[in-house]
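With our numbering as the guide, the letters of the sequence shown map in order to residues 1 to 432.
We treat Cβ as the ideally placed atom computed from N, Cα and C, and that holds for glycine.
Worksheet: one structure, shown below.
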Amino acid sequence: MRDTTDANPAEGPPAELRRHLTVVPATALAVTTVIGGGALVLPGAALREAGDDALLGWVLAAVITIPLIFVFARLGARFPSAGGIAGFARASFGRVSAAGVEVVLIGTFGLGIPAIALSGGGYLAAALGWPAERSWIGAVVLLVLVAAMLTAGSSLSARVQTVLAAVLTIALLAVGALGLLAPGAQFSGPDLGAGGWQHALAVVGIVFFGFTGWEMIAFTTGEYRDPRRDFPRVVALSFLIVIGVYLVLAAGVQAVLDPSSPRADTAPLAELVAVAFSPAAAALVSALGVLILGANLVGAVWGASRLVYSSADEGLLPRALAVVGRASGVPRRAVLATAALFLVVVVVSAAGLISVTTMFEVAGQNFFLLYVLCAAVYAKVAERATTRAFGIAVAVCLAAVAVVGFDLLTIGYPLVLFAAGAAVSLIRSRAA
1 MRDTTDANPA
11 EGPPAELRRH
21 LTVVPATALA
31 VTTVIGGGAL
41 VLPGAALREA
51 GDDALLGWVL
61 AAVITIPLIF
71 VFARLGARFP
81 SAGGIAGFAR
91 ASFGRVSAAG
101 VEVVLIGTFG
111 LGIPAIALSG
121 GGYLAAALGW
131 PAERSWIGAV
141 VLLVLVAAML
151 TAGSSLSARV
161 QTVLAAVLTI
171 ALLAVGALGL
181 LAPGAQFSGP
191 DLGAGGWQHA
201 LAVVGIVFFG
211 FTGWEMIAFT
221 TGEYRDPRRD
231 FPRVVALSFL
241 IVIGVYLVLA
251 AGVQAVLDPS
261 SPRADTAPLA
271 ELVAVAFSPA
281 AAALVSALGV
291 LILGANLVGA
301 VWGASRLVYS
311 SADEGLLPRA
321 LAVVGRASGV
331 PRRAVLATAA
341 LFLVVVVVSA
351 AGLISVTTMF
361 EVAGQNFFLL
371 YVLCAAVYAK
381 VAERATTRAF
391 GIAVAVCLAA
401 VAVVGFDLLT
411 IGYPLVLFAA
421 GAAVSLIRSR
431 AA
């Protein structure tokens with residue numbers, strides 16, 4: 001039976017994405033999109049690398065992130081659309097380049113988001129006492145639940161994310177405070193000399209993954225009531241909240257854990273709770289992990305589905321995926337198609353054909369290259385020489401890091417995707 005809530009272009013004007021997001025729910029969506037599995041692991045990894053200087057590394061990573069989120073905030077306010085980064089490229093470099101970027105993004109989401117789901121599935125398996133081999137079942141459950149919630153309506157999804165953001169922020173701050181206030185806690189400040197800064201630089205490479213995610217919320221700007229005014233506010237507010245959570249967590253871990261502890265790398269928050277409160281309470285961290293990654297998954301699938309919707313609306317993907325429900329204001333077909341793609345990748349990973357580590361690595365490098373693109377866009381559209389110079393400097397610095405630090409084989413993956421998307425767009429434009 002045909003879904004009568006969806007618009008049919010033959011019967012009247014098509015429905016559009018509902019502009020319902022204001023500062024509070026949009027900030028909540030941003031917080032849950034940025035704070036993911038990294039919050040559960042990175043504080044311990046940083047402590048193991050730099051000891052008492054780890055906190056200085058978190059601060060340095062935050063400072064380095066500021067130019068990137070500044071660029072996203074300005075571009076998102078200037079070019080609000082469901083296309084996100086692809087929309088930035090379309091406005092600056094044309095439709096063919098944007099199509100290439102869209103395919104790169106789809107290929108990136110197609111690895112990174114299933115990896116998040118598998119990580120959440122691992123925590124769900126731990127919470128339920130399942131063997132680790134069943135993590136893929138938990139991933140499937142989480143993806144199905146997320147897809148169901150997102151198809152139910154954009155307003156419901158926004159309310160749920162607001163609640164989740166509040167719960168997670170309070171819970172993570174409480175865990176960090178538990179470490180700082182625990183009997184026997186010993187917090188030592190970082191060394192501000194040359195040795196401390198050297199350790200801090202080593203930490204930046206470890207914790208930078210925890211500062212990614214703002215690029216995802218760029219895909220939701222088409223649903224803001226006033227993107228030009230609100231998007232920069234959302235980016236700034238969410239950045240302050242995220243930094244606050246990370247610093248309290250890092251300080252709590254540093255105050256309680258021994259950097260040489262084997263669990264500092266794998267489960268620092270569970271170890272913090274066990275040492276500061278009770279070993280029995282450490283099991284609650286598994287439940288917290290499911291909640292964090294589930295909320296993270298909602299924001300990720302939300303953003304990815306809007307990319308699919310935008311790509312279909314532009315003609316790169318089948319037009320049927322660009323239908324928006326009149327009552328719900330949600331591109332349900334795009335959400336379901338996106339979730340179906342991620343479920344396939346989860347099954348492929350469960351079959352042993354690709355590891356979660358590889359999925360995260362390739363997706364992370366792809367996003368880094370897209371940061372280079374955003375900086376280039378910012379430089380191109382800049383109206384003043386100073387802002388143009390700033391964009392060029394950011395793009396050149398990021399590109400240098402990619403050339404020096406990235407594996408050439410993994411760089412080939414986004415290049416092939418870009419070429420495929422650009423070729424399809426050229427063929428379609430000539431056929432039209």
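Cβ neighbours of residue i in the same chain (closer than 8 Å, five flanking residues each side left out)
i	result
LEU297	ILE113, ILE116, ALA117, GLY120, LEU142, LEU143, VAL146
ALA320	ALA312, ARG333
ALA281	VAL273, ALA274
GLY195	ASP53
Identity of the residue in the options nearest residue i by Cα
i	options	result
ARG388	CYS397, ALA399, ALA376	ALA376
LEU29	ALA385, PRO131, VAL301, LEU181	VAL301
LEU150	GLY325, VAL362, LYS380	GLY325
LEU249	ASN366, LEU111, GLY107, VAL273	VAL273
TRP197	ALA99, GLY421, ASP53, VAL344	ASP53
PRO232	VAL59, GLY107, VAL71	VAL71
ALA82	LEU60, PHE93, LEU105, ILE64	LEU105
ARG430	THR358, ARG95, PRO80, LEU180	ARG95
VAL204	LEU173, PHE109, GLY57	GLY57
LEU42	ILE206, ILE69, LEU307, SER349	ILE206
GLY303	ALA350, THR220, SER310	THR220
ALA433	ALA50, THR33, ALA99, GLU49	Given that the chain is displayed from residue 1 to residue 432, the structure contains no residue 433 and the question cannot be resolved.
PRO80	GLU215, ILE64, ALA177, LEU178	GLU215
ALA295	PHE211, ALA340, THR162	THR162
TYR123	VAL356, THR65, VAL290	VAL290
ILE465	LEU293, ALA276, PHE109	With the chain represented from 1 up to 432, any question about residue 465 goes unanswered, as that position is not in the structure.
LEU40	THR33, GLY51, TYR246	TYR246
LEU47	ALA276, PRO190, ARG134	PRO190
VAL401	ALA420, ARG384, PHE368	PHE368
VAL24	SER92, VAL234, ALA385	VAL234
CA-to-CA distance, residue j to residue i, given in whole angstroms
i	j	result
LEU75	LEU55	31 Å
VAL347	GLY44	30 Å
GLY37	SER97	32 Å
GLY107	PRO414	8 Å
ALA152	HIS199	47 Å
LEU201	LEU181	28 Å
SER425	LYS380	22 Å
ALA148	ILE392	42 Å
ALA283	TRP130	14 Å
PHE418	LEU172	39 Å
ILE217	VAL175	27 Å
LEU317	ALA255	51 Å
ALA139	LEU307	22 Å
LEU353	PHE208	27 Å
GLY329	GLY179	44 Å
THR410	MET359	11 Å
ARG225	SER278	46 Å
GLY244	ILE137	34 Å
GLY252	PHE211	19 Å
ALA63	GLN365	The question names Ala, but residue 63 is Val in the sequence shown. Rounded to the nearest angstrom, the two C-alpha atoms are 20 Å apart.
ALA236	ARG159	21 Å
Chain-order list of residues whose beta-carbon lies under 6 Å from that of residue i (same chain, five-residue window excluded)
i	result
SER305	ALA334, VAL335, THR338
ARG228	ALA77
LEU370	ILE85
LEU60	ALA200, VAL204
VAL416	none
ALA89	SER97, ALA98, VAL101
VAL356	ALA115, LEU118
PHE342	ILE113, PRO114, LEU143
PRO331	TYR309, VAL324
Contact set for residue i: own chain, Cβ-Cβ below 7 Å, skip 5 residues either direction
i	result
GLU223	LEU17, ARG18, ARG19, HIS20, LEU21, SER154
VAL31	ALA165, THR169, SER238, ILE241, VAL242
ALA395	VAL372, ALA375, ALA376, ALA379
PRO67	VAL394
Burial state of residue i (16 or more Cβ within 10 Å)
i	result
VAL362	buried
GLY186	At residue 186 the sequence reads Gln, which differs from the Gly that was named. GLN186 should be labelled exposed.
GLU271	buried
ALA132	exposed
GLY457	Nothing in the structure corresponds to residue 457, since the chain is present only between 1 and 432.
GLU49	buried
SER260	exposed
SER188	exposed
THR27	buried
PRO268	buried
PRO183	exposed
LEU192	exposed
Test: residue i CB closer than 8 Å to a CB of chain D
i	result
GLU49	Looking at the structure shown, chain D is missing, and only one protein chain is on hand.
Closer than 7 Å: residue i CB and nearest the ligand MN heavy atom
i	result
PHE368	Annotation note on the ligand MN: not contained in the displayed structure, which lists no ligands.
What alpha helix (DSSP H) runs, 4 residues minimum, are completely inside the stretch 333 to 403? 356 to 381
4-residue-minimum alpha helix (DSSP H) runs that sit fully inside the stretch 26 to 85, ordered along the chain: 38 to 50, 54 to 78
Ranges of the alpha helix (DSSP H) found wholly within the stretch 144 to 177, counting only runs of at least 4: none
Could you tell me which uninterrupted alpha helix (DSSP H) segments, each at least 4 residues in length, are contained entirely in the stretch 231 to 281, listed from first to last along the chain? 263 to 266, 268 to 276
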